Structure formats: C-alpha cells, structure tokens
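A quick write-up on the structure given underneath.
Number of protein chains: 2
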Amino acid sequence: MNKNSEPTIHDIARELKISASTVSRALNDNPRISLKTKEKIKAIADSLGYRPNTLASNLRNKKSNTIGIVVPLINRYFFSSVISGAEDVAYKAGYTVVISQSNDLAAKEINIVQSMFSNRVDGLIISIAMQASTFEHLKLFRKKNIPLVFFDRAVPEIETDKIVVDDFAGGFRVTQHLIDQGYKRIGHLAGPQNLMIYLNRKNGYMEALRKNGIPFDESLININRLTSEDGVAATQYLMSLPHPPDAIFCGNDTTALSAMIYLRDKGIRIPEDVGIVGFSNEPYSKVVSPSISTIAQPGFEMGQKAAELIIRKIENNERTYQTIVLPTELIVRESSIRK
Amino acid sequence: MNKNSEPTIHDIARELKISASTVSRALNDNPRISLKTKEKIKAIADSLGYRPNTLASNLRNKKSNTIGIVVPLINRYFFSSVISGAEDVAYKAGYTVVISQSNDLAAKEINIVQSMFSNRVDGLIISIAMQASTFEHLKLFRKKNIPLVFFDRAVPEIETDKIVVDDFAGGFRVTQHLIDQGYKRIGHLAGPQNLMIYLNRKNGYMEALRKNGIPFDESLININRLTSEDGVAATQYLMSLPHPPDAIFCGNDTTALSAMIYLRDKGIRIPEDVGIVGFSNEPYSKVVSPSISTIAQPGFEMGQKAAELIIRKIENNERTYQTIVLPTELIVRESSIRK
DNA sequence: AATAGATATGCAATCGATTGCGCTTTATAA
DNA sequence: TTATAAAGCGCAATCGATTGCATATCTATT
Chain U
1 MNKNSEPTIH DIARELKISA STVSRALNDN PRISLKTKEK IKAIADSLGY RPNTLASNLR
61 NKKSNTIGIV VPLINRYFFS SVISGAEDVA YKAGYTVVIS QSNDLAAKEI NIVQSMFSNR
121 VDGLIISIAM QASTFEHLKL FRKKNIPLVF FDRAVPEIET DKIVVDDFAG GFRVTQHLID
181 QGYKRIGHLA GPQNLMIYLN RKNGYMEALR KNGIPFDESL ININRLTSED GVAATQYLMS
241 LPHPPDAIFC GNDTTALSAM IYLRDKGIRI PEDVGIVGFS NEPYSKVVSP SISTIAQPGF
301 EMGQKAAELI IRKIENNERT YQTIVLPTEL IVRESSIRK
Chain G
1001 MNKNSEPTIH DIARELKISA STVSRALNDN PRISLKTKEK IKAIADSLGY RPNTLASNLR
1061 NKKSNTIGIV VPLINRYFFS SVISGAEDVA YKAGYTVVIS QSNDLAAKEI NIVQSMFSNR
1121 VDGLIISIAM QASTFEHLKL FRKKNIPLVF FDRAVPEIET DKIVVDDFAG GFRVTQHLID
1181 QGYKRIGHLA GPQNLMIYLN RKNGYMEALR KNGIPFDESL ININRLTSED GVAATQYLMS
1241 LPHPPDAIFC GNDTTALSAM IYLRDKGIRI PEDVGIVGFS NEPYSKVVSP SISTIAQPGF
1301 EMGQKAAELI IRKIENNERT YQTIVLPTEL IVRESSIRK
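As structure tokens, then:
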C-alpha cells in the first residue's frame, strides 16, 4: 500500500499471500471461505484500518445504495420533516440519501435531477418545483426504469408511485368546519393551480360550499404564490371587496399567519370578525396567538413511506404503481372557533 | 451497448471507430482533441443519450465530489437552515451533499461518519451529537487528512476548522439586557456542559452578572437537555425556590417557549412578573405571543461558510485551520421588555 | 487404493472513465 | 527534400471490488 493512500483488499491479500478474491469473499462472509481464513483476513483488515471503498463496489455492482431526494426548499418544516423521515428509513436499510433543493426553480430542478442520474442514484424521491412545467428530466427516470416516487407535489401525467395527502378532503373539511362555525362568506387563498395539491384544496372548498347550498362567489378566491407577502396582499384585496368574507381558508399556514397579522393590525378580531384556517400545521401555528386552525400533514410519515416504497421498488423491481393517499386531519384551534 | 444498460464512452467510440480515450478527452474538452472530432463525438453522445457515470469517474479520480453533512436532527429549523445554506454553495461549486442525522445518538453518529468515509466523501461538515463522548471516528478524518469542519457544536480537542457563533457574547448580551430591563434575579436553563456552546452561554451569563456586581447564585442555574419537557420541569423547579427568579435566560427557544407556556398557565405574567429570553431565533419566536426575545444564529450563513471553507480545503489542501466566530445578534421582543 | 464429491482458493475479466506514454500524420523550417 | 516540431489520436494500465469458472486439496466411500 502506498503511503497516504487507503489500504485495499489487495494489500490484505499480499500480507497473507492469498488472492484478493478470497479477501473480498471473506469480508462479505461468503460461505465459500473457511472460518479460519475469514478470521485471519478480518484481523489483518482491522490492523490495517481497512475500509471498503464503496465507490469501487458500487461501480462493479451497478448500484449506488443511494436515494436522491429533491425538495423545493430544505429549510421548510414540512420538507425537512419528510427528509428526516426518509433518512431514518433509508439509513436503517443501508442506504445513503443525497439531498438537493430546487428553490422552486425549474432550471435548477432539471440540473439536480440529471446530476442525480449521473450519480446513479438507485431511486428518486421528489416534490416538484412550483415553477416546473416540463418533466422530461423525470420521464428519463421512468424510461430507464429507475424507481421514482413523488410526494406531495406530483405530476399527474407521469405514471409512478405517489404519496400525497388527501388535499380535496382537507379543503372540504376546512370549509365545512367554517360553515359549522357559522361563517357565511368564506374566502380562499389558493396556490398555483398547475399544482394538483392546490387545485384539490380549492375543489374541496368548492364542493363543501355546494353541498351546503352556499352560492359560489368567484371573487372570493384569490390565486397567488402563497408567500407571506402574497398573503397580505390577497387579504387586503378580499377585505376591500364591497361584500368582504367573514372567514378565509388560506392555502397554507404562511399566508394564514400573514393574513392574521394584517387583520389584527387593521383592528379586525380573529375569530370573532373573521375566521382563519391554514394548511400544513407548521410548528408555529399552534403557538401563535390566536393559535391557527389548520390541516396536519404528516411530513415525517410521508418521508418514511416514500423511502419504504422506493426501497421496495429498488429491491424487487416491481412494475406496478400505487398512489398512497394519507388522511388529513383537521386541527381546530382558536382562529376559527366562533361558537 | 447492451439493451437496458447505459451507453458508455466505449459505445460512442465504437460508433465512430475511434478510441475511448479520445471520447473521454473530447467530452472533457481536452485541447488535445480537434474541434471537429469533439463535435462529432458530442453529437453522437447526445443522440445516444449518453450520461457520464460519475461513479466510474470518481473511482478513477479518487474524488467523489461529495460533501457529507451530519446534523443531530434534520428536522430542526437551525439545522435545516445550515444544510440549506451549505447545499446552495456546494451545488454551485459542483458538489453533491449527502446528509444524515445522528438523532443526537453517539452510536448512530459513529456509524454515519464511518459510512461517509467509506463513501469517500471529500469533506465532512458536522455538528456533533449531544450524547457523543468519544471522537475517534472524527479523528479518523483528521488522520487521513480529509477536510473536516465543525459548526455550532465543535470538539475542542480536535484541531480543525470550526464555525461557531459567539455564544459567550450571546449569553453576556442576553443577561446584560435583562439587567438593563431591571430584572434582579436572573435564572438560567443551561444545556449539557460537555458542549462548548452551552458552556460558553453560561459563562457569558456569569460574566455579565459579575460585571454588574450581581452575586452569583448556583441554585438559579438548571442544567438539562433543553427539550420542551425539560423546560417545563426546570421552570417549575426554579419557580418553586424560596427566592425564585424574576427572569430566565433559556438555553434555547424550545425551552423559552415551554417555560412561557408553563408560566402563563400558572397565571404569571410575561414580561411583567418574569422576563424570558431564548436562544436561536426559531421562526416561531417572533410570532408567538408574547414574542420571545432571543439571539439570532445565522444558520443559513453558517452553512454557506462551512461549505465555502471545506471546498477551499478540498481544492487547495491547505493545512492551516481557522475558527470562524460569527457575531450574535440580540433580538429584543416582548418577552423581556419591562420598561 | 482409486474415484466421486466436497471444500477451499485463485485467475482473470469486469464495471466505466481517465491518463501517461508513444505512435502516426501533417505542418513548418532549413 | 529532409529534418523537426507540432498536432491528433490510440494503447494499455489504473482506480478497488466482485464473480464465473477453473484448479487444487481433502474427505469419504467402495
């Protein structure tokens, strides 16, 4: 072994005057090697401080034992929870996870995905960027038959595994809850409608109105990017209507919070004057005052499920796809309790 | 090229009846290859849908272009911010980041770090587990001269690059601020003292007391693991003292919040009866009510700096180490304003 | 003692990309 | 025209681990 280069199985082999194949087999506990030899080999390996070179092994095995995860933004509670859950499962199954964030930019997402392909990830777990519009980079994975799992934000036109929450039911429940609380004019801050999750939330909202015989008023829906700023602007707009809403179903907790702050500053009381419900159950939603009613999205669990699913696909080469819909849970807090 | 296996440079070479070396050089824009040949090669590469196999390249180059990041818990705002910042910088420099969480367990940390070594990461960025006590796994990196950067939670006995915030100054400032606000008996919830960050915060606290001529009272310091539950228990304990504190400097925002909730439930007013200051500036600290005074820790920036530093080390093989101390910023909010 | 069968190990190719060295061919200079 | 250099490209080894096939040794059986 050269100085300052790692010992390899060949160094161990030379030391014992045996072949590298034997060493390799011994270290992998291959039954073809006798126990005595194995022990000698392992002893030398230890004393040399040998560490297998995963790169070489991966190359030979055409398998990287790596799962790629792409999220819009790592630094967001829901996504970091998903990553955390997926990492947990992957680690226990002997996989490494590589992570990238698209920053919700289509171009970066394409780059990342291609780079992960070049790195020969065994599977890809992704929640697509808001801004994404073409999906050739993802179809590549399907074409090569590399397991691909969408979570939360999926692409309808790509047939593969998906893990989503029941956004429709979530939107429905939120709205029904507001109606039950006696709110009469319910506004909605909706996210980009090219993303199914936001479309479904809105549809759930509309269905609840319909079912309760409440006429649908287009002007009460404001579609935006659900940033904090958008939340303020949209709320301002809704409240300036000749006939403003007395409750707002916000597409996420970010806008729910910013709407709440805006309304409070205007002297509008929550939940007395206007009820607010968010979506996602961000950690702060339960500690702000008033606490925000919202829909819990089990991020950690989604990550676990996504990892379990993709590992199964990697190891069994199944060719059937499923869409796992996790149930939503309405968490009623102060911001929407009128009764 | 075999069916269902990726095209390689050899396939391109065969197609054009040239050698693989030429293809490799052409694709890497080596000046030794003529422009005409390069163009032909790139055209074929495109039409074949060729993607370089990074594994093979990495093996040959003894470089993985990968940076490992180990944090206690991915799913924590500060850490996910660091990861986010590091990923940003790494991505732009052409590196992939692999991420693992130790769950604050020593055993898992050791495992992860060794696995990252086997994966031949080019460098390792880590914030050590609370529970960690031996550091052989990290010394391995130093011994092999693989760049190692600690952030936030560093190991004093290992000489390497470190990126920390000025916890001492942070603790000092918090305490001085409470004193300035007229609080007389200031308690402190401290984290495990084997971690420098918590030790430094406590030392800053003590120094501020000393400088203001306030006698130090051992019983006002409670050392715990700074979980939400610990925060409640510690606060309960402090308030049950014969001479309870009128302000508490909490080692992190988690405990600050749980302390606040506990006190509120007991009918104790904040900041009138008891002042509270946290540490870390978790996102919720500014939106809860009362909002929590705290120390801002620039997580995203720390991640960026850590990545920049480690990439420089990787690419230049420098052998000098630095400790970058990022300034802390006291954010004064409602929970500690008495005047 | 001879042979089948089991046991233990080695040979050499392979995974895909890279690169030092050397061989042609063409261009330039004398 | 001949030497000389430069340009363009190929050969083959290399990175480290794996594995099908072959070989060598040993045990058991008749």
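In order, the protein sequence lines correspond to chains U and G.
Residues 1 to 339 (the numbering used here) are what the first sequence spells out, left to right.
Residues 1001 to 1339 (the numbering used here) are what the second sequence spells out, left to right.
From the three backbone atoms N, C-alpha and C, an ideal C-beta is built for every residue, glycine too.
Bear in mind the structure is a predicted one, so any value in this text is a computation, not a measurement.
Check: Any C-beta of chain U under 8 Å from that of residue 1009 of chain G; Outcome: no
Check: Identified DSSP bridge partners for residue 295 of chain U; Outcome: U:330
Check: Chain G within 8 Å of residue 74 of chain U, Cβ atoms only; Outcome: yes
Check: Rounded C-alpha distance that separates residue 1187 of chain G from residue 1217 of chain G; Outcome: 9 Å
Check: Same chain, Cβ closer than 7 Å to residue 1028 of chain G, five either side skipped, listed in chain order; Outcome: none
Check: Proximal residues to residue 229 of chain U (C-beta, below 8 Å), its chain only, five neighbours per side dropped; Outcome: 258
Check: Among G:1107, G:1144, G:1122, G:1073, nearest to residue 1062 of chain G - alpha-carbon criterion; Outcome: G:1122
Check: Cross-chain neighbours of residue 1053 of chain G in chain U, by beta carbon under 8 Å; Outcome: 59, 118, 120
Check: Chain-ordered chain U contacts of residue 1087 of chain G [CB-CB under 8 Å]; Outcome: 74, 99, 100, 101
Check: Short-range partners of chain U found in the region 1010–1032 of chain G, where Cβ spacing is below 9 Å; Outcome: none
Check: Nearest-angstrom beta carbon gap, residue 309 of chain U and residue 1059 of chain G [assumed within contact, 8 Å]; Outcome: No, residue 1059 of chain G and residue 309 of chain U are not in contact; Cβ-Cβ is about 30 Å, not under 8 Å.
Check: Sequence-distant residues of the same chain with beta carbon closer than 7 Å to residue 426 of chain U, five excluded per side; Outcome: Nothing can be reported for residue 426 of chain U, as the shown portion of chain U is limited to 1 through 339.
Check: DSSP state of residue 1200 of chain G mapped onto helix, strand, coil; Outcome: helix
Check: Same chain only: Cβ atoms within 8 Å of residue 234 of chain U, ignoring 5 sequence neighbours per side; Outcome: 189, 222, 224, 255, 259
Check: Contacts of residue 1083 of chain G in chain U (Cβ-Cβ under 7 Å); Outcome: 74
Check: Residue nearest to residue 118 of chain U in terms of C-alpha spacing, selected from G:1042, G:1065, G:1138; Outcome: G:1065
Check: Test item: CB-CB of residue 293 of chain U and residue 232 of chain U under 8 Å; Outcome: no
Check: From G:1036, G:1176, G:1073, G:1162, residue whose alpha carbon lies closest to that of residue 1322 of chain G; Outcome: G:1162
Check: Span separating the alpha-carbon of residue 246 of chain U from that of residue 185 of chain U; Outcome: 5 Å
Check: Under 7 Å (Cβ pairs) to chain U, residues found in the region 1237–1257 of chain G; Outcome: 1257
Check: Residue interval of the beta strand (DSSP E) (run including residue 174 of chain U); Outcome: Premise fails: residue 174 of chain U lies in the alpha helix (DSSP H), 167–180, not in any beta strand (DSSP E).
Check: Complete alpha helix (DSSP H) runs within the region 1209–1276 of chain G (minimum length 4 residues, chain order); Outcome: 1228–1239, 1253–1265
Check: Cβ-Cβ distance between residue 1077 of chain G and residue 287 of chain U below 8 Å; Outcome: no
Check: Residue 1056 of chain G at chain U interface by Cβ criterion, 8 Å; Outcome: yes
Check: CB contact check: residue 95 of chain U to chain G, cutoff 8 Å; Outcome: no
Check: Strand pairing of residue 188 of chain U, partner residues [DSSP]; Outcome: U:221, U:249
Check: Own chain, CB closer than 8 Å to residue 1324 of chain G, minus 5 neighbours either side, in chain order; Outcome: 1161, 1162, 1163, 1164, 1305, 1309
Check: Neighbour flag for residue 1283 of chain G against chain U, beta carbons, 8 Å; Outcome: yes
Check: Span of the beta strand (DSSP E) around residue 123 of chain U; Outcome: 123–126
Check: Candidates G:1050, G:1250, G:1248, of which the one nearest residue 1008 of chain G by Cα; Outcome: G:1050
Check: Residue 1131 of chain G (DSSP reduced to helix, strand or coil); Outcome: coil
Check: Contact the region 1144–1157 of chain G vs the region 1204–1216 of chain G: 3+ CB pairs below 8 Å; Outcome: no
Check: Outcome for residue 43 of chain U when other beta-carbon atoms lying within 10 angstroms are tallied against a minimum of 16; Outcome: exposed
Check: Boundaries of the alpha helix (DSSP H) in which residue 35 of chain U is found, first to last residue; Outcome: 35–48
Check: Same chain, Cβ closer than 7 Å to residue 953 of chain G, five either side skipped, listed in chain order; Outcome: For chain G, the structure presents residues 1001 to 1339; residue 953 of chain G sits outside this window and is missing.
Check: Chain U contact for residue 1262 of chain G (CB, 8 Å cutoff); Outcome: no
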